[in-house]
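Below: one structure, written as structure tokens.
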Amino acid sequence: MESQLLGGNPSAATPKKLPVLPSAPPTPTDVICSESCRDQRQDTMGHPSTGQKKAAEVCADHPEQVTVGFPKRTPSNLCGYLHKLGGPLKSWKCRWFTYEEKKCQLFYYRTHQDANPLGHIKLTDANFGFPLQADEGAFHIQTPERTFVLKTQNREAMMYWLQQLQLKRWQHRLPVEVCGDAAMDGEQAPPGSCTDGDFLPTVKTPTGLVGETASTLSAPKRCAMLSNVSFKHPLTEIQNSVHSLRLSFSSQEPSLLDFEEVQREAGSPATPRDPSFSQPESPDALNTSCLPSSLSLSPSLTIRSRKKKRDSSSTMAADQHKACAADRTSCLQQEVHLLSEQVKAQKELVSLLHKALEAAQQEKRTCTQFLLAKGEQGRLELLRHREQHATDLGMQLEELHSQKEALRKTLAERDAHVAELQEHVQLMMEKNQAKQEVILKLSEQLAANATISQHGTATGVEPEVPRQPQGKIENLKDDIEAYKLQNSFLNSEIYQLTNLWRKSSEQEKCLMVKCAYLEARSCQAESRYLAVLRKLQETKGLDQGERQAVQRLVEEALQWDIKDPLQLDPIREYDEYGFKIIPDYEVEDMKLLARIQALEIRSHNLLQQETGDKTAEARWTQYLGSRPSGELAPSPELKALLRGGVPISLRARVWRWLVRMRTHSLRERYPGRYRQLCKKGQASQHLAARQIQLDLHRTLTSNQRFSSPSSTSLKQLHRILMAFSWQNPTIGYCQGLNRLAAISLLVLEDEEEAFWCLVAVVEIIMPHDYYTKTLIASQADQRVLKDFMVEKMPRLMAHLEEYSVDVSHITFNWFLVAFVESLTSDILLRVWDAFLYEGTKVLFRYAMAIFKYKEEDIMKIHDTVDIYQYLRFFTKTISDGRRLTNIAFHELNPFPMRLLRNRRAQHLDRLQAEQQELERVQQEFVEEISKSVQHADKELDAAASEEDDEA
């Protein structure tokens, strides 16, 4: 960076030295000494040398006169507001700078009223300069320790500060007496002293920006309360704030401080008050005051003067006391108001400093962890964690940028659409104007024709009517007869073609059914072939050649193209609700299993597409048609239909009715509830908002509608979860609610309906305390499920207990999210059809049906790790939903609801007793720890007192 140096050693850039001023301005010491020594010269009767000596003695005996200004003297101290570049964000902060003569240092404060400085700049070995391409008024002071970047209001003030700082540094290097004596005696100063003529021309003092007059003005607007606070010196900030509070308190009651009385008590003559007296410019100004020490502006002096004033006022006459009472009351009220404002400001400052302290402590803890980490591995782990956190923040920033760009594009599209609409409106207005003109012309013609007809009627002359030629009429009649004949022929042709098309359609339908059946059989045969290859691959008795042959057959089978164009119904990647049909297995060895599952799903779809779906849809259409108003009503027929599954075309309507049946009373009690909760969520931030935002992008990641960060479904899901957190403050938000709300939103396709569906599931269908912090009701259901599985499937439970497998590790999440992301989408929605109508009993039925469906496969596994690994994904391999439903509602009967309620109550009581016992043990442990700590503290205090006694 190019710069022009004003002093010190030359830099790498081309320096330009400032010439010395022709005559240096007198320092404050010289001015005060000259004024204080004037009377001494008069006493010596024209002997200047004696007067000079006495003046020097006076200045030496009373050094405190150097720093206190008098009313008839213009203060010459170098001080004023400057902007200092600093802080972690490298921002400009306004500071009050003042120069201290003795130490040749430039102290800086936050305001001119502060007693303690935030720091200082040592000028004895400093260089001054200003960059050419920086902001106007910016300059820097370079010391051996660091470089300070400052900024003034304009360029004139900058040059003034630079000249004065250079002069102060020069005066400090040379003895002040040499310059002073040389000036008084009229002798020439030594070479290189302060009288050399190579400084720039003297810059005039900027009015109101430099000197003590700058303290009477308000600080620059940039100096905001919070941005101007120094976070590096919190203790100094608090001390300065307390000092400012005391000064403002003492300035609000001038009548309570009798200045002359205090002067008389101190034994010194009263001195008129200087406006700058209550605003010391440096710490030395308070310590080196020439007034008596009893006149110091301290709170103790103010309190003592108040007591003396009140004691003396008690002896006054009654009329004088009454006259002063009103004035004192008003003063005290003003003082209370001022103190309340000061306390409010101090609270804000303290809260800000607390935040800064917490951030510093967090950084300190991080550094401590890094330093205390054992070995390089621990430190590398900490660094990796921090880098991962930074990467996550970067990814979030990129997502926000992408959202911003998407919103910007949407805004541009809407602007273009608005422009098109405006053009369309303009065209319509022009068209309307043209139509109005045509209507006006036709109206005029109609009026003219009416006038002509009236005139002809009045005169007896009828208007002439044009007569069509008789030959033309005959031709038109012939054309009509020809068209009739042609129409009859075409109708007969259409009838014959329709019959032919109907017959060909029936034949094509039969062929399609036959092809579908044959293709389904082919898929079944291929899946069996792949299953055999899988078993051969796992067999250990094969030699190397046979293993290679099996591996080659497996690779060829995996390379077969599933998306064959000859297939009648190729396998789709996503279903109607956006779910991925074929799951992606993370394990490489599961690719063969995924292919087998894909073939089973395809075979099942081919066999059911022509019979099952149409039959179910026909039954539902017949049932809904039999209802008079189209509304549903609880009945055994509806229960059987829901267990068999609702067709896709009718599922949204049926779910909407089931949700309204559950939440009818709540909706009537709170009309417009969802809109109110959304407005409340926008007005204030909920405690669960952060956790909701984190879980938002983890919701149904395999679904098309939730895969994009900028999708509309994610925004709707966020509003639903925020509204529910305000609807139920006891729960707020629990992990798993995002999946329940997402399924409701996919099917119902309406925010408000999905919100009420979530309310129905969590608050009405599920037991109480199912989604609270303790999850005690969820734990009780897991114990109930184990009891039912022991009764219904004793052989499987004995096998699992033999290998120490706890099924609750797998089934707990099933119950918490109602099988979302555990079953395939078609089976999952069939479970929800019955779940919304019958309740939690459906979850127990399907949980046991899943284990019953795969019981034989689980019995073949004889290793704990393999069993857990299989249970982690085995629900995705179930493709036959009809068989699973038949097991759940027929093979597991009887399954009474009364038995479920009784066992749930028993296990809930046991869990509550266990929880109370655990809380009691924890309380006893805490009490023992506190007692031991207190005992240790007492022993330490006793040991310390004994050491003090010995000392």
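If you're matching positions, the sequence shown starts at 245 in our numbering and goes up one per residue. We put the beta carbon where it would ideally sit given N, CA and C, even for glycine. Note that the structure is a prediction, hence the values are computed from the model and not measured.
Suppose the cutoff is 7 Å on Cβ atoms and the five residues either side in sequence are ignored; what does the same chain contact list for residue i look like?
i            : result
residue 1060 : 980, 1022
residue 388  : 369
residue 349  : 364, 365, 366, 367
residue 960  : 989, 995
residue 997  : 900, 903
Can you name the residues that DSSP bridges to residue i?
i           : result
residue 327 : 338, 395
residue 371 : 386
residue 353 : 340
residue 365 : 350
Compute the minimum distance between the beta carbon of residue i and the heavy atoms of the ligand NAD, and state whether it is under 7 Å.
i           : result
residue 642 : As presented, the structure is devoid of all ligands, the ligand NAD included, so that no description of it is given.
Going by beta carbon distance, what residues of the same chain come within less than 6 Å of residue i, once the five residues before and after it are set aside?
i            : result
residue 1041 : 1033, 1034
residue 1009 : 1083
residue 914  : none
residue 987  : 1064
residue 924  : 970
residue 478  : 597
If contacts are defined as beta-carbon pairs under 8 Å, then residue i and residue j qualify, I think. What distance do you get, rounded to the angstrom?
i            : j            : result
residue 385  : residue 376  : The pair is not a contact, with the Cβ atoms about 17 Å apart (cut-off 8 Å).
residue 1051 : residue 1111 : Not confirmed; about 10 Å, so no contact.
residue 983  : residue 943  : 6 Å
residue 905  : residue 936  : Residue 905 to residue 936, Cβ: 28 Å. No contact.
residue 374  : residue 402  : 6 Å
residue 407  : residue 381  : With 8 Å as the limit, residue 407 and residue 381 do not qualify as a contact, their Cβ atoms being about 14 Å apart.
residue 1160 : residue 1020 : Incorrect: roughly 11 Å between the Cβ atoms, too far for contact.
residue 822  : residue 860  : Actually they do not touch by this definition, with Cβ atoms about 22 Å apart.
residue 897  : residue 922  : Not confirmed; about 25 Å, so no contact.
Compute the distance between the beta-carbons of residue i and residue j, then report whether it is under 8 Å.
i            : j            : result
residue 1114 : residue 1102 : yes
residue 480  : residue 362  : yes
residue 955  : residue 646  : no
residue 1062 : residue 1087 : yes
residue 358  : residue 488  : yes
residue 950  : residue 957  : yes
residue 780  : residue 801  : no
residue 910  : residue 1003 : yes
residue 242  : residue 1081 : Because the chain is modelled from 245 through 1195, residue 242 falls outside the range shown and cannot be assessed.
residue 1136 : residue 1028 : no
residue 1093 : residue 1128 : yes
residue 1025 : residue 1148 : yes
residue 1056 : residue 887  : no
residue 340  : residue 354  : yes
residue 1141 : residue 1095 : no
residue 820  : residue 892  : yes
residue 918  : residue 978  : no
residue 907  : residue 1000 : yes
residue 329  : residue 343  : no
Measure from the C-beta of residue i to each C-beta in chain D and report whether the shortest distance is under 8 Å.
i           : result
residue 390 : The chain inventory of the structure shown lacks chain D, comprising one protein chain alone.
Quick one: what's got a C-beta closer than 8 Å to residue i's C-beta in the same chain, skipping five residues either side?
i            : result
residue 895  : 991, 1073, 1077
residue 752  : none
residue 877  : 871
residue 1178 : none
residue 400  : 447, 448, 450
residue 1085 : 1139, 1141, 1144
Whole beta strand (DSSP E) runs in the region 650-687 with 3 or more residues, listed along the chain?
-> none
Note down, one range per segment and in chain order, each beta strand (DSSP E) of at least 3 residues found wholly within the region 1011-1047.
-> none
Which ranges does the beta strand (DSSP E) cover as unbroken runs of at least 3 residues, wholly within the region 847-922, from first to last along the chain?
-> none
Hey, which unbroken runs of the alpha helix (DSSP H) at 4 residues or more fall wholly within the region 714-739?
-> Segments of the alpha helix (DSSP H) lying fully in the region 714-739: there are none.
Every unbroken alpha helix (DSSP H) within the region 983-1010, with a cutoff of 4 residues, ordered by chain = As far as the region 983-1010 is concerned, its whole alpha helix (DSSP H) runs of at least 4 residues are 995-1003.
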